[in-house]
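Report on the structure given below.
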Amino acid sequence: MTKKRWIALNMSIMLAAAMVAGCSSSGKSNGSNGSSSSPAPSQKESGNAKTGEATDKHKEVTIVTWDKPGPTSPQWQVELYNKLMDSFNKKYPWVKVDAKTLAPGTDYLQKYDQALLAGDAPTVSGMFTDGNIKSRAKDGTLADISELVENWDLRKEGKVFTGMDDSLKINGKWYGVPSFLDLNYVVYNKKLIKEAGLDPNNIPTTFEEFGEYVGKITDPSKNRFGFGLMGMEWLAWPYTNIVWNAGGEMVTANSDGTGKLTFAEDPGVDAVMFWHDMVWKYKATQKNVLESWQDLMNDFTQGRTAMQWLNLSSFMNDYVNKYGGKLDDLDILTTPHAKGKPSYNMGGGGVWGINPKATKEQKEAAFLYIVHNSYDLDSLKLKAETSASNNAPDINPSQRLDFSPLDYAKGMPESWKGKLSDIAKSAKVVPSFLNWNDVKNALVKPLQEIILKKDITHEEAKAILQKCADELYKQYPNSFHR
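Each step along the sequence shown adds one to the number in my numbering, with nothing skipped, and position 182 is 182.
Structure follows, in structure tokens:
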């Protein structure tokens with residue numbers, strides 16, 4: 001997940017996102033394992049402060065976060081968060097964390113922007129996304145943290161994921177640090193597929209064959225549907241992946257650094273018509289393709305839809321711990337693709353950003369919080385072990401390159417590891433252009449119009465997408481042109 005998309009996300013945004021914001025977002029503790037948290041020269045000693053040690057070198061500073069788990073969070077996530085915060089508080093006693101909770105389903109980015117205007121936004125947040133940092137740097141809603149990033153020891157040692165650098169560094173200045181990584185692909189329920197009389201080990205992946213297969217799973221009389229289509233306001237997120245797999249791009253780069261909008265070219269039209277056919281030709285989707293994010297998640301975790309595009313992390317916890325399913329029921333598949341075209345799987349993740357109104361001392365304290373939560377080996381290990389022991393193993397790549405959560409994923413089906421490795425090799429990162437989020441938002445209604453119109457033609461769909469592109473060219477001439 002807009003992210004809007006990522007925000008419910010992992011994106012997963014999403015239940016995954018909720019977990020990251022609620023528990024993962026507070027996750028690393030600089031211990032004696034060599035994972036120093038020194039982000040800048042002025043913080044070098046603070047990263048090595050002894051547990052509970054008071055020091056005259058640091059004035060007390062307060063930072064605000066929105067990471068605290070809410071009353072609906074699983075107890076193990078609450079306990080994990082508390083352990084992570086305890087270790088942070090002991091190591092950095094001069095940093096006071098004013099931890100707040102957001103209600104489930106909150107549009108995080110919208111809430112942040114409103115709070116920023118009101119003067120009560122969090123000091124630090126890990127739920128921004130790689131696709132919207134350039135726009136936020138331009139509009140001043142994130143702080144320049146170049147000094148902190150450039151003096152960060154772990155980055156100098158080559159231990160930090162750099163695949164998002166082009167999105168996080170704008171005009172030579174840094175505005176974010178990866179908070180979590182994720183991959184998106186098709187997750188499916190083998191149990192439901194077997195109930196439909198099909199072989200879950202032989203699922204085709206080309207558009208037409210996939211549609212026919214998934215349509216055979218659907219049986220409205222049994223409240224069983226083949227595929228949960230994300231047709232609400234976040235649909236431009238998965239649509240991007242389908243455009244790639246149809247052989248196209250959403251945006252291509254011009255020589256002057258701007259973008260050329262290409263989603264209205266034939267691959268983009270083929271992509272949305274594939275979705276249209278999933279609804280009307282194959283009758284493979286849930287009844288209400290515009291249903292809310294939470295309803296979409298519930299359809300899968302409660303056993304009504306057999307497949308969805310997202311990731312295992314978004315479903316495992318609720319499917320197993322809330323609704324009594326088994327991890328062995330679930331499996332994964334590469335994202336469907338056009339015949340003769342490669343299958344890509346969207347990669348990306350969350351980004352830590354700091355409030356532009358934060359003082360120098362607050363920025364330094366916030367960076368300690370970032371490193372503690374996302375890069376300290378002790379914290380990473382604690383999170384991986386705790387998640388695995390609660391039937392919710394962390395199966396995403398790590399933003400710290402010398403750590404792998406899969407090493408701690410006890411009880412995970414062995415077949416997942418090989419498939420996850422293969423899917424990671426086909427990862428593709430979302431475009432990084434100014435006003436990229438505005439492009440996705442502008443596409444929502446046109447895409448919904450195409451999906452919902454039963455007898456629409458390829459030419460009519462193309463005209464709708466081209467009209468959207470033309471309007472974006474007029475609205476954002478400094479970001480996009482032909």
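We treat Cβ as the ideally placed atom computed from N, Cα and C, and that holds for glycine.
Note the first and the last residue of the continuous beta strand (DSSP E) segment covering residue i.
i	result
Y92	Neither: Y92 is in no beta strand (DSSP E) and is coded neither H nor E.
A427	427-429
L261	259-261
M346	345-354
F367	Counting along the chain, F367 falls outside any beta strand (DSSP E), though it belongs to the alpha helix (DSSP H) covering 360-374.
D182	177-183
G226	225-228
D331	330-333
Check residue i in the structure and name its three-state DSSP category.
i	result
I217	helix
S24	Note that S24 has pLDDT 35, beneath the 50 cutoff, so the model's placement of it is unreliable and the number below is only indicative. In the structure shown, S24 sits in a helix (DSSP, three-state: H, G or I).
P41	The predicted model places P41 with a pLDDT of 36, which falls under 50 and marks its position as unreliable; any figure quoted below should be read in that light. Reduced to three states, the DSSP call for P41 is helix.
Y323	coil
T65	strand
L148	helix
R400	strand
M127	strand
V251	strand
M307	strand
F480	strand
H337	strand
K410	coil
V289	coil
W174	strand
A118	helix
D455	coil
D554	Lying outside 1 to 482, the shown extent of the chain, residue 554 is not represented and no answer is given.
A99	strand
T240	helix
E53	With a pLDDT of 47 at E53, under the threshold of 50, the predicted position of this residue should be treated as unreliable, though the coordinate-derived value follows. Coil at E53, not helix or strand.
Roughly how many angstroms lie between the CA atoms of residue i and residue j, to the nearest whole one?
i	j	result
F300	K216	17 Å
K428	N184	10 Å
A366	I451	44 Å
P178	N373	11 Å
C468	K440	11 Å
Q302	K173	45 Å
D277	K283	8 Å
L465	L447	8 Å
S255	V64	41 Å
D266	G248	8 Å
G324	V61	44 Å
M14	N288	Annotation note: pLDDT 31 at M14 (below 50); position unreliable, no value reported.
Y375	T305	36 Å
L80	A384	10 Å
E364	H58	11 Å
F227	D199	16 Å
V243	N202	24 Å
A236	W94	43 Å
E147	D120	25 Å
L181	P220	36 Å
D422	L168	27 Å
D486	A358	Nothing can be reported for residue 486, as the shown portion of the chain is limited to 1 through 482.
K159	F403	9 Å
G211	G131	30 Å
F225	M250	29 Å
P486	G231	The structure shown does not extend to residue 486, since the chain is modelled only from 1 through 482, so no value can be given for it.
K138	P356	12 Å
V269	Y239	10 Å
K91	L443	47 Å
I'd like the span of the alpha helix (DSSP H) that includes residue i, first residue to last.
i	result
S389	377-389
L296	293-301
L192	190-195
S135	133-139
I451	436-452
S167	165-168
A271	266-280
Could you check how far apart the C-beta atoms of residue i and residue j are, in whole angstroms? I think they sit under 8 Å.
i	j	result
A143	K462	Not really, about 42 Å apart at Cβ, beyond 8 Å.
L330	T285	In fact, because the Cβ distance is near 20 Å, the residues do not count as touching under 8 Å.
M311	A392	Residue identity check: residue 311 is Asn in the sequence provided, not Met. Rounded, the Cβ-Cβ distance is 12 Å, inconsistent with contact.
H337	T141	Contact flag wrong, Cβ pair sits at about 36 Å.
N548	P74	Coverage of the chain is limited to positions 1 through 482, which leaves residue 548 absent and any answer about it impossible.
Looking at chain D, is there any beta carbon in it that lies within less than 9 Å of the beta carbon of residue i?
i	result
E449	No chain D is part of this structure, which consists of one protein chain only.
Using only the heavy atoms of the ligand HEM, determine whether one of them is closer than 8 Å to the beta carbon of residue i.
i	result
K96	This structure does not include the ligand HEM; it has no bound ligands of any sort.
Note to self: Any contact between the segment 430-437 and the segment 472-481? By contact I mean 3 or more CB pairs, one from each, below 8 Å.
What the structure shows: yes
Note to self: Check whether the segment 349-366 and the segment 117-128 touch, using three or more Cβ-Cβ pairs below 8 Å as the test.
What the structure shows: yes
Margin query: Taking contact to mean 3 or more Cβ pairs, one atom from each stretch, closer than 8 Å, check whether the segment 327-342 and the segment 414-422 are in contact.
Written below: yes
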